[in-house]
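Colleague: One structure coming up, written as structure tokens, with questions to follow.
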Amino acid sequence: MNMVRNHVLISIDANTIIAGARAVEDALIKEIARQGLSQEIVVLETGSVGIEDQGVVLVVYPEGIYYTNITPAEVPELVEEHLLKGRVVHRLMLKETPKRFVITKEKTGLMKEQPRIVLKNCGFINPESIDEAIAADGYQAAAKALSSMKPDEIIAEVKHAGLTGRGGAAFPTGLKWEFASKVDNPVKYIVCNADEGEPGTFKDRLILEGDPHKLIESMIIGGYATGATKGFVYIRGEYELSIERLEKAIADARSYGLLGTNIFDSGFDFDITVMKGAGAYVCGEETALIESIEGKRGHPRNKPPYPITAGLWGKPTIVNNVETLSNIPEIILKGAENFKKYGTEKCSGTKVYTILGHVATPGLIETEMGTTLRDIIFEYGGGIKDGKRFKCALVGGAAGAFLGPDMLDVKMDFVNLREYAAALGSGAILVMDEDTDIVDMLKSVLHFFKHESCGHCVPCRLGTARLVELIDRIAASKGTSKDVEGLTRISETMKDTSFCPLGQSLILPVSSSLKYFKDEILARVQ
Amino acid sequence: MYKETILKKFEPRLDNILYILHELQDNNEQHYVSKEDLKLCADYLSVPYSFVHGVATFYTMFSLTPRGRNIIRLCDSPPCHLMGSGSLLDYLKNKLKIDVGETTKDGVFTLELTSCLGVCGVAPALMMNNATIGKLTPEKVDAILEERRKSL
Ligand SMILES: Cc1cc2nc3c(=O)[nH]c(=O)nc-3n(C[C@H](O)[C@H](O)[C@H](O)COP(=O)(O)O)c2cc1C
Ligand code: FES
């Protein structure tokens, strides 16, 4: 047998494909063959490695060296110098290595500085290979759950782990499963919410592109625990690569008998269908999503009844976010106690964040609940771009709050942020430097909501339109202080009277921007 | 006729409606769902025309009016906005001499705005047909338009 000396991982995701990753991959394989190294050096495709704006990224193992912005022209040099002669090409190496890229060479491939539960395999395995997923412990938790645990034992474990929903509302997952399992109905569904429309959020896409089998495994476990035998994954229509990879993963899982009938000889049957959305932010709301799967306009439903009693086609339906579900295998395999070692007392586990805007290295990270905004921006994000000063960050997406410098050292988790009238939401962290025009940003946020208001209820439909009128006037320096007051008044009314959380959540960006930047906003009016 | 082949790919169940509309639009030379398509879909699924119309107009990925050969969807959500999508929009409008929602006279480009495309790590971004392109600059926009014109 030949000894494999190096593994070269090439990140193939939506971003690196844009940057020409396929051409680099071809060049790499050819050059390695030309140098006669094909037996010793293996090129592997993987999902995102967490670096978002540095072109084509390669990682060479076992050294763990990251090369960025690689084009086919650099490939011969890289192969000759690093792979043949063993000399690292410093010119092409990632310049500053922020904390998040520091990895240990343990066989587990765990990132040292980042506890990795959800993203454990992302960037390490080839997401299109079920064998690699299995080699990286894939489907082990499902095997354990289905062959040695009773449904209520699984639910007890998830409850004990304290896992809460990562889709924004932070509802305890174990409790949701328990309610659903107690509903007496022969037909139940489990739906994975991969609509991901919250501006600034792309974690679910990278999880799907990087490790689709983990999601399938989690849904099998969730189905078994709650009694659902049919799963749906609702993915937004723009996520072509996610859809493609998940569909392939499902087909592979079927052919391995991991989906279908009598999985792991347990007598449990389960299968998954992928549903493709068509562009509507509100469809991320669980009841609107259910309407959309049924083939209707994505209007939210009245609650109660909640989906767990009457959801898809009137049947009990569990809706969970991609990230929430991707925590399940680890909890089952290593136990709730281990999971609780991460995070804070009230929110255990990790959170996947997307860091973007005016930071040195935008990208994806997974870190313990309770990490401060300061650490996320300055340690993981490499600090503010071009040496500028921090002004604020919009945390949690458009439906989140602007947080100023006084919030940098607050421990961020779902519960704690709520006490500061903020929300962790989807985990998007949009960083703004000192030169940012806050009126312009608020305008962009309000325009987003006007566009995405589904029109179902009057307060939200008219309220978003009025807010846009006001902010446009203010931004054009034609407003008055009355218009500024109007922003608060209208968004407060919307909070009290809107039908769904879409209209109810505008108060967050409006009141938080006024809290920090009232003077700046007032300076724009007469 | 190709439309029937598309319909036959799916069982006549309402939950296939988005897939059917996607495919009809993708296979339409003018990248839209025509009245005729809506009618076909309604008959196939045994639902009223008005229902299909309601669904098709709800989702932003569907257009009920003919569009150009290439559809540009520029993201204008806050993260892309922060990184300069506003000035890119002006640039595109000037360059193509059209407003948002319009098609160039030669029918080559339609300009649209979209909410977050989920690639904000490389903001500002746009989708050219099915391809997402990030880290946009005016020069890059020029190159993309040029490439599309050449491939006519
Ligand atoms: C307007 C709106 C948009 C939402 N978008 C998403 C989304 O894109 N992804 C998601 O998982 N949850 C989204 N949610 C939250 C869902 O309604 C629901 O709480 C979640 O999918 C439950 O899963 P979890 O308990 O695992 O978080 C949204 C809610 C609202 C009101
Ligand atoms: S904000 Fe433009 S892609 Fe997300």
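Line by line, the protein sequences give chains A and B. Note that my numbering has the first sequence beginning at 1, numbered continuously upward. Note that my numbering has the second sequence beginning at 1, numbered continuously upward. We put the beta carbon where it would ideally sit given N, CA and C, even for glycine. In this text, all values refer to a predicted model and were calculated from it rather than measured experimentally.
Along chain B, in chain order, which residues have C-beta atoms closer than 8 angstroms to that of Asp53(A)?
Modeller: Position 53 of the first sequence, counting from 1, holds the residue named residue 53(A). By Cβ distance, chain B contributes Gly121, Val122, Gly134, Lys135.
Colleague: What residues are listed by DSSP as bridge partners for Asp433(A)?
Modeller: If you number the first sequence from 1, residue 433(A) lands on position 433. The partner list for Asp433(A) (beta bridge, DSSP) reads Phe390(A).
Colleague: Can you give me the Cβ contacts of Gly107(B) inside the same chain, cut-off strictly under 8 angstroms, excluding the 5 residues immediately before and after it?
Modeller: Looking up residue 107(B) in the second sequence gives position 107. So the list reads Gly68, Arg69, once near-sequence residues are dropped.
Colleague: Out of Leu356(A), Ile490(A), Glu452(A), which has the shortest C-alpha to C-alpha gap to Gly383(A)?
Modeller: What you label residue 383(A) is simply residue 383 of the first sequence in a count that begins at 1. Of all alpha-carbon atoms in Leu356(A), Ile490(A), Glu452(A), the one lying nearest the alpha-carbon of Gly383(A) is that of Leu356(A).
Colleague: Is any beta-carbon of chain B found at less than 9 angstroms from that of His7(A)?
Modeller: Within the first sequence, residue 7(A) is the residue found at index 7, counting from 1. Not an interface residue.
Colleague: Please confirm whether Pro79(B) has its beta-carbon closer than 9 angstroms to some beta-carbon of chain A.
Modeller: Sequence index remark: in the second sequence, residue 79(B) carries index 79 (1-based). It does; some Cβ of chain A falls within 9 angstroms.
Colleague: Return the chain-ordered list of same chain residues with a C-beta closer than 7 angstroms to the C-beta of Leu37(A), the five sequence neighbours on each side being excluded.
Modeller: To locate residue 37(A), count along the first sequence from 1; it is residue 37. So the qualifying residues of the chain are Leu83, Leu84.
Colleague: Are there 16 or more other CB atoms within 10 angstroms of the CB of Gly54(B), so buried, or fewer, so exposed?
Modeller: Counting from 1 along the second sequence, the entry for residue 54(B) is found at position 54. Looking at its Cβ environment, which holds fewer than 16 other Cβ atoms inside 10 Å, Gly54(B) is exposed.
Colleague: Tell me the DSSP bridge mates of Pro172(A)?
Modeller: For the purposes of this step, residue 172(A) is identified with residue 172 of the first sequence, where counting begins at 1. Its beta-bridge partners are Thr164(A).
Colleague: So which residues on chain B does Val352(A) lean against when the C-beta distance must stay under 9 angstroms?
Modeller: If you number the first sequence from 1, residue 352(A) lands on position 352. Neighbours of Val352(A) on chain B: none; closest Cβ ~13 angstroms, over 9 angstroms.
Colleague: For Ala145(A), which of helix, strand or coil comes out of DSSP?
Modeller: Your numbering for residue 145(A) matches position 145 in the first sequence. DSSP places Ala145(A) in helix when its eight states are reduced to three.
Colleague: Is the CB of Gly101(B) under 9 angstroms away from at least one CB in chain A?
Modeller: Reading the second sequence from its first residue, position 101 is the one you call residue 101(B). Chain A, which has no Cβ nearer than 9 angstroms to the Cβ of Gly101(B), makes this no.
Colleague: For Ile272(A), which of Tyr306(A), Ile332(A), Gly231(A), Ser242(A) has the nearest alpha-carbon?
Modeller: The residue labelled residue 272(A) in the question sits at position 272 within the first sequence. Closest by alpha carbon: Gly231(A).
Colleague: Is it the case that the Cβ atoms of Gly295(A) and Asn94(B) are separated by a distance below 9 angstroms?
Modeller: Residue numbering aside, residue 295(A) sits at position 295 when the first sequence is read from its first letter. Residue numbering aside, residue 94(B) sits at position 94 when the second sequence is read from its first letter. Taking 9 angstroms as the Cβ cut-off, Gly295(A) and Asn94(B) do not qualify as a contacting pair.
Colleague: Verify the CB distance criterion: does Val510(A) have a CB-CB separation below 9 angstroms to chain B?
Modeller: As a first step, residue 510(A) must be located in the first sequence, where it is residue number 510. Output row for Val510(A): interface = no.
Colleague: Alpha carbon to alpha carbon, what distance is there between Val79(A) and Leu117(B)?
Modeller: As a first step, residue 117(B) is located in the second sequence; it is residue number 117 there, counting from the start. As a first step, residue 79(A) is located in the first sequence; it is residue number 79 there, counting from the start. When rounded, the distance between both Cα atoms is 35 angstroms.
Colleague: Figure out for me which residue from Phe202(A), Arg418(A), Cys392(A), Gly400(A) has the closest Cα to the Cα of Asp406(A).
Modeller: For the purposes of this step, residue 406(A) is taken as the residue at position 406 of the first sequence. Nearest option by C-alpha distance: Cys392(A).
Colleague: By a C-beta neighbour count over all protein chains shown, 10 Å radius and 16 as the cutoff for buried, is Ala23(A) buried or exposed?
Modeller: Residue 23(A) sits at position 23 when you count from the first residue of the first sequence. Exposed: under 16 other Cβ atoms inside 10 Å.
Colleague: Would you verify that the beta carbon of Phe101(A) is, or is not, closer than 9 angstroms to some beta carbon of chain B?
Modeller: Stepping through the first sequence from its first residue, residue 101(A) is reached at position 101. Interpretation of Phe101(A) is limited by its pLDDT of 47, a score under 50 that renders its predicted location unreliable; the figure taken from the coordinates is listed afterwards. Not closer than 9 angstroms to any Cβ of chain B, the Cβ of Phe101(A) fails to qualify, so no.
Colleague: Please indicate yes or no: does the CB of Gly118(B) lie closer than 8 angstroms to some heavy atom of ligand 2?
Modeller: For this step, residue 118(B) is matched to residue 118 along the second sequence. Because some heavy atom of ligand 2 lies under 8 angstroms away, the Cβ of Gly118(B) counts as near it: yes.
Colleague: Determine which residues of the stretch 436–456 of chain A have a Cβ less than 8 angstroms from any Cβ of chain B, and write them out in chain order.
Modeller: Residues of the stretch 436–456 of chain A that bring their beta carbon within less than 8 angstroms of a beta carbon in chain B comprise Thr436, Asp440, Met441, Ser444, Val445, His447, Phe448, His451, Glu452, Cys454, in sequence order.
Colleague: Which whole-angstrom value is the C-beta distance of Asp413(A) and Cys347(A), which I expect to be below 8 angstroms?
Modeller: As a first step, residue 413(A) is located in the first sequence; it is residue number 413 there, counting from the start. As a first step, residue 347(A) is located in the first sequence; it is residue number 347 there, counting from the start. The C-beta distance from Asp413(A) to Cys347(A) rounds to 4 angstroms, short enough to fall under 8 angstroms.
Colleague: Determine, for Pro459(A), whether the minimum Cβ-Cβ distance to residues of chain C falls below 9 angstroms.
Modeller: Structure shown: chain C not included; protein chains present are A and B.
Colleague: Run down chain A in chain order and give the residues with a C-beta less than 9 angstroms from the C-beta of Tyr19(B).
Modeller: Residue mapping note: residue 19(B) aligns to position 19 of the second sequence, counting from 1. Neighbours of Tyr19(B) on chain A, chain order: Met275, Lys276.
Colleague: May I ask you to list, following chain order, the residues of the stretch 381–400 of chain A that have a beta carbon less than 9 angstroms from some beta carbon of chain B?
Modeller: Leu394, Gly397, Ala398
Colleague: Using a Cβ-Cβ cut-off of 9 angstroms, state whether Phe202(A) counts as contacting chain B.
Modeller: For the purposes of this step, residue 202(A) is taken as residue 202 along the first sequence, with counting starting at 1. Answer yes: the Cβ-Cβ gap between Phe202(A) and chain B drops below 9 angstroms somewhere.
Colleague: With hydrogens ignored, establish whether the beta-carbon of Cys454(A) is closer than 8 angstroms to any heavy atom of ligand 2.
Modeller: Residue 454(A) sits at position 454 when you count from the first residue of the first sequence. Answer for Cys454(A): no, Cβ out of range of ligand 2.
Colleague: When the cut-off is 9 angstroms and only beta carbons count, does Val55(B) lie next to chain A?
Modeller: Here residue 55(B) refers to the residue found at position 55 of the second sequence. With 9 angstroms as the cut-off, Val55(B) counts as an interface residue toward chain A.
Colleague: Spell out a yes or no on whether the stretch 143–161 of chain A and the stretch 281–301 of chain A are touching, meaning 3 or more CB-CB pairs, one atom from each, closer than 8 angstroms.
Modeller: no
Colleague: Where Lys450(A) and Asn327(A) are concerned, what is the direct C-alpha to C-alpha distance, given to the nearest angstrom?
Modeller: Locating residue 450(A) in the first sequence gives position 450, counting from the first residue. Locating residue 327(A) in the first sequence gives position 327, counting from the first residue. Whole-angstrom Cα-Cα distance: 34 angstroms.
Colleague: Counting only beta-carbon atoms, is Asn130(B) nearer than 9 angstroms to chain A?
Modeller: The residue labelled residue 130(B) in the question sits at position 130 within the second sequence. Output row for Asn130(B): interface = yes.
Colleague: Would you mind stating whether Ala399(A) and Leu506(A) have Cβ atoms separated by less than 9 angstroms?
Modeller: As a working mapping, residue 399(A) is identified with position 399 in the first sequence. As a working mapping, residue 506(A) is identified with position 506 in the first sequence. Contact: yes.
Colleague: Enumerate, from N- to C-terminal direction, the unbroken beta strand (DSSP E) stretches of 3 or more residues contained entirely within the stretch 8–82 of chain B.
Modeller: Entirely contained in the stretch 8–82 of chain B, the beta strand (DSSP E) runs reaching 3 residues are, in chain order, 70–75.
Colleague: Cβ of Thr104(A) less than 9 angstroms from any chain B Cβ?
Modeller: On the first sequence, position 104 is the one that residue 104(A) refers to. Legend: pLDDT at Thr104(A) = 33, less than 50; position of this residue unreliable, no value from coordinates given.
Colleague: Is there at least one Cβ from chain A nearer than 9 angstroms to Tyr59(B)'s Cβ?
Modeller: As a working note, residue 59(B) is residue 59 in the second sequence. Output row for Tyr59(B): interface = yes.
Colleague: Which runs of the alpha helix (DSSP H) at least 4 residues long sit entirely within the stretch 257–337 of chain A? Give them in chain order.
Modeller: 286–293, 322–326, 328–334
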